[in-house]
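Numbered according to UniProt numbering, the sequence shown spans residues 1 to 199.
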Amino acid sequence: SGTGKTLIARKIGKILRGHPPKVVNGPEILNKFVGESEANIRRLFADAEEEEKRLGNASALHIIIFDEIDAICKQRSSTAGGTGVHDTVVNQLLSKIDGVEQLNNVLIIGMTNRLDLIDEALTRPGRFEVKLEIGLPDEYGRLQILKIHTANMSQNNRLEDDVDLEDLAKRTKNFTGAEIEALTQAAISRALNRTMKFT
């Protein structure tokens, strides 16, 4: 986590000029009441289905992003008896994905850190068939992330001359984008506290 999957998914949505993406955290779909988890899946597609019926091909693109999809789409064989809530959620999602072939206005993006846990039926052709691995940023990537999170300070001449972003990029090997952001925020907070003590 923290590698920028959600950010990339949102950017894809912006590039495609669709409706603002619906970002759903996988565990939020699950509900202790019988049938509610499946109903939550159906509700996610309701707007797209209604708009497609009303406007046909003129309907704008609806983007549904499932973060931590492994939480709701585990291999159905992984639950004893195959009757658990995860199984019914997978079945409901499969029926919606297969039904999406008639809906030209839906793009579904599933994000996970554990592809091995996802039910194989979801990764067959016509379903989640395009897979992108988003790994940790390399040194150049870390430098770009540091520049993004210090841009305002640089533009306002508030970044000290002795701050060496290239050195920081080297020292932050194995950091995720989120961890680099947290590092810069912590440094800013510390600098502000130090400034306030002297004033």
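C-beta atoms are modelled at their ideal positions from N, C-alpha and C, and glycine is treated no differently.
Give the secondary structure of G126 by DSSP, where H, G and I count as helix, E and B as strand, and everything else as coil. coil
Strictly by DSSP, which residues pair up with K22? I64
Can you check which of these residues, S59, L143, K74, D161, is closest to D87 by C-alpha distance? K74
Are E68 and G26 closer than 7 Å when you measure CB to CB? yes
Using the three-state DSSP reduction, which class does H163 fall into: helix, strand or coil? Reading off the sequence shown, one finds Val at residue 163, where the question assumed His. DSSP places V163 in coil when its eight states are reduced to three.
Locate the beta strand (DSSP E) running through L146, then write down its first and last residues. From DSSP, L146 is part of no beta strand (DSSP E) but of the alpha helix (DSSP H) over 139-155.
By DSSP's criteria, G177 is part of a beta bridge. Which residues make up the other side? None, per the DSSP bridge assignment.
Cutting at 8 Å between CB atoms, please list the residues of its own chain near L165, excluding the five before and the five after it. L143, L146, K147, T150
Under 7 Å, do A46 and L103 count as touching if we go by C-beta distance? no
Measuring straight from C-alpha to C-alpha, what distance separates K14 and V130? 19 Å
Within the same chain, show all residues whose beta-carbon is closer than 8 Å to that of E120, passing over the 5 residues directly before and after it, in chain order. Q75
Please report the straight-line C-alpha distance between N152 and V24, rounded to a whole angstrom. 31 Å
To the nearest whole angstrom, what separates the beta carbons of L16 and L61, a pair I think is in contact under 8 Å? 6 Å
Quick one: what's got a C-beta closer than 6 Å to S189's C-beta in the same chain, skipping five residues either side? none
Rounded C-alpha distance that separates A186 from M111: 28 Å
Does DSSP classify G13 as helix, strand or coil? helix
Find out if the Cβ-Cβ distance for the pair R127, D70 is shorter than 7 Å. no
If you follow the alpha helix (DSSP H) that L107 is part of, which residue opens it and which one closes it? Careful: L107 lies outside any alpha helix (DSSP H), inside the beta strand (DSSP E) at 106-110.
Going by beta-carbon coordinates alone, are I12 and I72 separated by less than 7 Å? no
Where I29 sits in the DSSP three-state scheme: helix
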